[in-house]
Amino acid sequence: AYGGAGPLHGVETAIECGLSRVVAPREPGTMCARGILVSDISLDFVQSKIRPFIRECWSSITSEMDVLRGEAERWLATEDVPQSQRQYENVLEARYFGQNHEVQIPLPNPLPDAETFLREFEHAHRKEYGYSLPDRQIEIVNFRVRGSAPSSGTASHCQQ
């Protein structure tokens with residue numbers, strides 16, 4: 011039993027389940043709070059814009075990602091994360107025209123060219139759904155950049 015009220019309900023739940031023992035940590039109400047202190051810092055910056063993938067317009071797609079990267083950089087700066095510890099993950103969520111579900115395409119830094127995206131999309135779609143449709147129009151649905159940094163681990167030495 012953990013969480014703020016977990017131990018309060020633990021005995022009744024154990025009786026209902028036919029259990030003879032309830033285990034509660036010393037500080038059950040602080041487990042979640044402690045978790046936030048030791049977790050990596052991270053925030054996703056997402057822009058939803060349904061647009062067709064056109065090779066010749068790839069630069070406008072990378073420009074959208076650059077805007078989100080700038081937002082992530084500003085946020086990490088406000089969190090006082092040193093430049094050397096900042097990490098960025100780029101993801102385009104895309105689908106074939108007419109589909110309802112997207113596949114996530116992770117992209118490296120710096121962003122690759124349109125042909126690389128196309129290959130990665132077809133590979134991811136084949137892996138997820140078992141097929142690809144090379145002649146079908148692709149739609150990009152979400153642009154996503156995650157800004158993150160490793161935890162300082164300040165709370166990892168707390169007595170438990």
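Under this note's numbering, the first residue of the sequence shown carries the number 11, and numbering increases by one thereafter. All C-beta atoms, glycine included, are put in the ideal place defined by N, C-alpha and C. Predicted model, so just to flag it, every value in this text is computed and none were measured.
Buried or exposed (CB count within 10 angstroms, at least 16 for buried), residue i
i, result
"V3", "This structure cannot settle anything about residue 3, because the visible part of the chain is limited to 11 through 170."
"F107", "exposed"
"S166", "Bear in mind that the predicted position of S166 carries a pLDDT of just 49, short of 50, making it unreliable; the figure below should be weighed with that in mind. Burial call: exposed."
"I115", "buried"
"A82", "buried"
"V56", "exposed"
"N25", "Checking the sequence, you will find Ile at residue 25 rather than Asn. Exposed: under 16 other Cβ atoms inside 10 Å."
"N100", "buried"
"T72", "buried"
"I64", "exposed"
"L18", "exposed"
Residue closest to residue i, alpha-carbon to alpha-carbon, out of the options
i, options, result
"I60", "A159, I150, G157", "I150"
"V91", "P116, L53, E66, A124", "L53"
"V155", "F63, G16, E37, M75", "M75"
"R222", "N119, I148, P120", "Outside the modelled stretch of the chain, which goes from 11 to 170, sits residue 222, for which no answer is possible."
Reduced DSSP secondary structure (H/G/I, E/B, other) of residue i
i, result
"G39", "helix"
"P17", "helix"
"E22", "helix"
"I64", "coil"
"R156", "strand"
"V48", "helix"
"L117", "strand"
C-alpha gap between residue i and residue j, whole angstroms
i, j, result
"S162", "Y141", "43 Å"
"Q97", "P160", "9 Å"
"F34", "G157", "Correcting the residue type first, residue 34 is Ala in the shown sequence and not Phe. Approximately 35 Å, taken between the alpha carbons."
"S30", "L47", "34 Å"
"C67", "Y139", "27 Å"
"A87", "D50", "15 Å"
"L78", "L143", "29 Å"
"E112", "H135", "9 Å"
"C27", "T40", "26 Å"
"E125", "W85", "31 Å"
"F127", "L117", "8 Å"
"F153", "S70", "12 Å"
"E103", "S94", "28 Å"
"D123", "E89", "32 Å"
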